[in-house]
Amino acid sequence: MIVAIVSLMGMGLALGALLGAASKWLAVEENPIEAELQAMLPGSQCGQCGYVGCAQAAAALARGEAPVTLCPPGGRAVAEALAKKLGVKADLSAHEEKVPQYAYIRPDLCFGCTRCMAECNVDAIIGATKQMHDVIADLCHGCGKCALVCPTQGIEMRPVPATVSSWHWPKPQRAASAH
Amino acid sequence: MKIFDIPGGVHPVYRKELASEQPIRPLPPPPRLYIPLQQHVGALSVPIVAVGSHVSKGQVLCVRQGTLSATQHAPTSGTVVAIESVTAPHASGLAQDTIVIEADGRDAWAELPEPIDDPLAADPQQIIDRVAGSGIVGLGGAIFPAAVKLGMGKQYKLDTLLLNGAECEPYLTCDDRVMREHADEVIDGARIMAHALGVRRILIGVEGNKPQAIAALERAAAGDAGITVVPVPVRYPVGYAQHLTRIVTGRETPAEHRNAEVGVVTHNVATARAVHHAVRFGRPLISRIVTVTGGAIRQPSNLEVAIGALVSALVDACGGFSCEPRQLVLGGPMMGQPLPGLEVPIVKGSAGILALSADEVVEARERPCIRCGSCVSVCPCGLSPMDMAALIRKDKLDAAAKLFVGDCIGCGSCSWACPSHIPLVQYFNYANGVLAEQERQRRKNERVRTLAEAHALRVESLERAKKEARAAKLGDKTETPA
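One line per chain: the protein sequences are A and B, in this order. Counting in my numbering, the first sequence runs from 18 upward without gaps. Counting in my numbering, the second sequence runs from 352 upward without gaps.
Laid out in structure tokens, this is it:
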């Protein structure tokens, strides 16, 4: 009885110590908040924030080097979520709400070079060599990288038009005299 | 029959007497008709006719895209002259894609689908398909595709079809007239719908201020033990589907859930009539009854109008304006929307056109909240409008969402009751709009992320394949000389 208890206890202690040491020794250095922040970002690696991808942007956010309003495709919603997570106050008054955009290929300028297709990281551009390309506007997230590589400057970034189904009422304006 | 109670509610001046005694009058199709591709909840319908082609009355113009969508049909015979952007009958005043038909005046029918023989013995799916093919949507104003609701018998355990004839919105009388004049068709439609749903019990909720409608329905349903006409108390908004369900069955639909989850499916009485037409005669939904009324209308009327007719044609048919209208409203005065103008088409969801004179419109200045609690006591959803509005005013939408602003049905009872004339429901419409937009953005971001990840994986595997091919080639070269 005593032998069993002592031997199992000994094994437990030895294995516990081993695991404890291993967790210190083999630890991967990563700020846990980074992963959480990265999950909140759109994840399209569009690079509009100035960082290479969303992971780098999340790292900069975690270090407090980047403002929460850094992500144009994420818009106000992402900025607010980031601010809440980081416990900072988002200065949204200065944050100019960028109108969502989509890429439009001018049919008269496209000669089918496929460069924009290679650049698009959500596969929103369809077409083939020497065939005219087109953008699936619903999938486009407006990063504008295709417009930069187009040799004929035939890609325009256009604002996503307001539709009856996406429209909503504006905030009621209070009369000046009311308080 | 036992009647249950709902919280809150208000008693606005009903003014239904303006139009309630006017029999339904058909309005001949005007020379030009405008059929928007989106007249329903769900995905846009896709046009299948080309500009310049001739169409017959009842011919399909655009087909539904997916299940949650609706097909549109030609309301008269004529030529498709354009598919272009036309101002929508919507508060935003935005334009939407619309098929424009120039009528040829012959009003000639296309070949319609065969009537379903003995629909009460037919396969339910056949009825559901017919309703979907006929472009029927909820005519009470929710414009939800009726076929989707009729298919809910497969998903949920149902026991009751509740026909909504409450019509609690002031001024409107179109459902009242349908029940009085076409009770037989409504009852027949209801029986067909109940068969499609697989339920035995049909309840028809009608506000007690429509005794003729109740009598007509009872006459039409005489001898059928499965159908009960239930007079419900006259109080706005008893006609809201969830509230009517609670009043006649005592079952409360949980927040953010469907009525079907408590075993009840609701349909408007006019929708039941449209189902009758589609199943018995193969006729698609190409017209509806519209109440044109208000103090500024010379001759308030209930018109049977081709979908796509311009509002101005309706106003002309009612003798025009008797005085300068102060406000033009699409729908009822409580939940209706301001009309962007008279040159917008009537769509499937347009129940009423109101031209209100100056003495029918309250234009009082907003004053500070005195915390009297009137809005809280009248809210039919048990919410606290004053607290939510205070938060939304300070842009604290998340906090308002925690007070369940998402459960607001936008009935406007709080705004009506507020002695300080605070535009409460307007705050909630704004907040719910912003929250919905954030949700759309979040979903889009999620999809973009999935696509980007799939793209990255593909690029990686392509690179790897290329590298392997190169390695194999190199391997070949090194082997050849040896």
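Note that CB positions come from ideal geometry on N, CA and C, so glycine has one too. What you are looking at is a predicted structure, and each value in this text was computed from that prediction instead of being measured.
In the structure shown, what three-state DSSP assignment does residue i receive?
i: A:Gln-73; result: helix
i: B:His-806; result: helix
i: B:Arg-531; result: helix
i: A:Lys-188; result: coil
i: B:Tyr-778; result: helix
i: B:Gln-593; result: helix
i: A:Leu-78; result: helix
i: B:Asn-515; result: strand
i: B:Ser-420; result: strand
i: B:Arg-791; result: helix
i: B:His-362; result: coil
i: B:Leu-693; result: coil
i: B:Leu-679; result: strand
i: B:Arg-552; result: strand
i: B:Ala-833; result: Residue placement at B:Ala-833 is flagged as unreliable, the pLDDT there being 45, under the threshold of 50; the coordinate-derived value follows with that caveat. Of the three classes helix, strand and coil, the one that applies to B:Ala-833 here is coil, per DSSP.
i: A:Pro-89; result: coil
Measuring straight from C-alpha to C-alpha, what distance separates residue i and residue j?
i: B:Glu-603; j: B:Met-544; result: 23 Å
i: B:Gly-590; j: B:Gly-359; result: 13 Å
i: A:Gly-92; j: A:Gly-60; result: 13 Å
i: B:His-627; j: B:Cys-732; result: 34 Å
i: B:Val-361; j: B:Pro-470; result: 41 Å
i: B:Val-492; j: A:Gly-64; result: The amino acid occupying residue 492 of chain B in the given sequence is Gly; Val does not appear at that position. Taking the straight line from one Cα to the other gives about 45 Å.
i: B:Gln-390; j: B:Glu-714; result: 32 Å
i: B:Pro-736; j: B:His-618; result: 29 Å
i: B:Ala-668; j: A:Val-181; result: 28 Å
i: B:Asn-653; j: A:Ile-122; result: 50 Å
i: B:Leu-513; j: B:Pro-374; result: 26 Å
i: B:Glu-518; j: B:Gly-556; result: 9 Å
i: B:Cys-723; j: B:Cys-769; result: 9 Å
i: B:Ala-611; j: A:Arg-80; result: 50 Å
i: B:Leu-636; j: B:Ala-807; result: 48 Å
i: A:Gln-170; j: A:Leu-126; result: 8 Å
i: B:Ala-833; j: B:Leu-825; result: Note on B:Ala-833: pLDDT 45, under 50, position unreliable in the model; the coordinate value appears next. Going by the C-alpha atoms only, they are around 13 Å apart.
i: B:Ala-566; j: B:Tyr-522; result: 21 Å
i: B:Cys-525; j: B:Ile-640; result: 6 Å
Counting only C-beta atoms, is residue i closer than 7 Å to chain A at any point?
i: B:Gly-757; result: no
i: B:Gly-540; result: no
i: B:Ala-715; result: no
i: B:Ser-420; result: no
i: B:Ser-766; result: no
i: B:Asn-796; result: yes
i: B:Leu-679; result: no
i: B:Gln-447; result: yes
i: B:Gln-390; result: no
i: B:Val-799; result: yes
i: B:His-341; result: Here chain B covers residues 352 to 833 and nothing more, so residue 341 of chain B does not appear.
i: B:Ala-439; result: yes
i: B:Ser-443; result: yes
i: B:Gln-416; result: no
i: B:Gln-792; result: yes
i: B:Ala-833; result: With a pLDDT of only 45 at B:Ala-833, under the threshold of 50, the placement of this residue in the model should not be trusted; the figure read from the coordinates follows. With 7 Å as the cut-off, B:Ala-833 does not count as an interface residue toward chain A.
Quick check on residue i - is its C-beta less than 7 Å from some C-beta in chain B?
i: A:Asp-140; result: yes
i: A:His-150; result: no
i: A:Trp-186; result: yes
i: A:Gln-62; result: yes
i: A:Pro-104; result: It is worth fixing the name first, because residue 104 of chain A is Gly in this sequence and not Pro. With 7 Å as the cut-off, A:Gly-104 does not count as an interface residue toward chain B.
i: A:Pro-189; result: yes
i: A:Ala-94; result: yes
i: A:Pro-59; result: yes
Taking 6 Å as the line, does the beta carbon of residue i fall inside it for any heavy atom of the ligand SAM?
i: B:Phe-355; result: This structure simply doesn't include the ligand SAM, nor any ligand for that matter.
How would you list, in chain order, the residues of chain C whose beta-carbon sits under 8 Å from the beta-carbon of residue i?
i: A:Gly-67; result: Reference to chain C is not applicable here, since the protein chains of this structure are A and B.
What are the residues in the segment 802 to 813 of chain B lying within 9 Å of chain A by C-beta distance?
The segment 802 to 813 of chain B vs chain A, Cβ under 9 Å: Leu-802, Ala-803, Glu-804, Ala-805, His-806, Ala-807, Arg-809, Val-810.
Unbroken alpha helix (DSSP H) runs of length 4 or more, entirely within the segment 612 to 677 of chain B: which are they?
620 to 632, 662 to 668
Contact set between the segment 774 to 790 of chain B and chain A, restricted to residues whose Cβ is under 8 Å from the partner
Pro-774, Gln-777, Tyr-778, Asn-780, Tyr-781, Asn-783, Gly-784, Val-785, Ala-787, Glu-788, Gln-789
When you check each C-beta in the segment 149 to 182 of chain A against every C-beta of chain B, which residues fall closer than 8 Å?
Leu-156, His-158, Ala-179, Thr-180, Val-181, Ser-182
In the segment 108 to 190 of chain A, which residue ranges form an unbroken beta strand (DSSP E) of at least 3 residues, counting only runs that do not cross its ends?
Taking only runs of at least 3 residues, the beta strand (DSSP E) segments lying wholly in the segment 108 to 190 of chain A are 118 to 122, 172 to 176.
Of all the beta strand (DSSP E) runs that stay within the bounds of the segment 443 to 494 of chain B, which reach a length of 3 or more residues?
DSSP runs (the beta strand (DSSP E)) wholly in the segment 443 to 494 of chain B: 446 to 454.
Which complete alpha helix (DSSP H) runs does the segment 705 to 771 of chain B hold, if anything under 4 residues is left out?
725 to 729, 736 to 744, 748 to 753, 764 to 768
Give the residues from the segment 22 to 44 of chain A that approach chain B closer than 9 Å (Cβ to any Cβ), ordered along the chain.
Those would be none; no residue qualifies.
Contained beta strand (DSSP E) runs [length at least 3] in the segment 370 to 443 of chain B, N- to C-terminal order
375 to 377, 383 to 387, 411 to 414, 429 to 438
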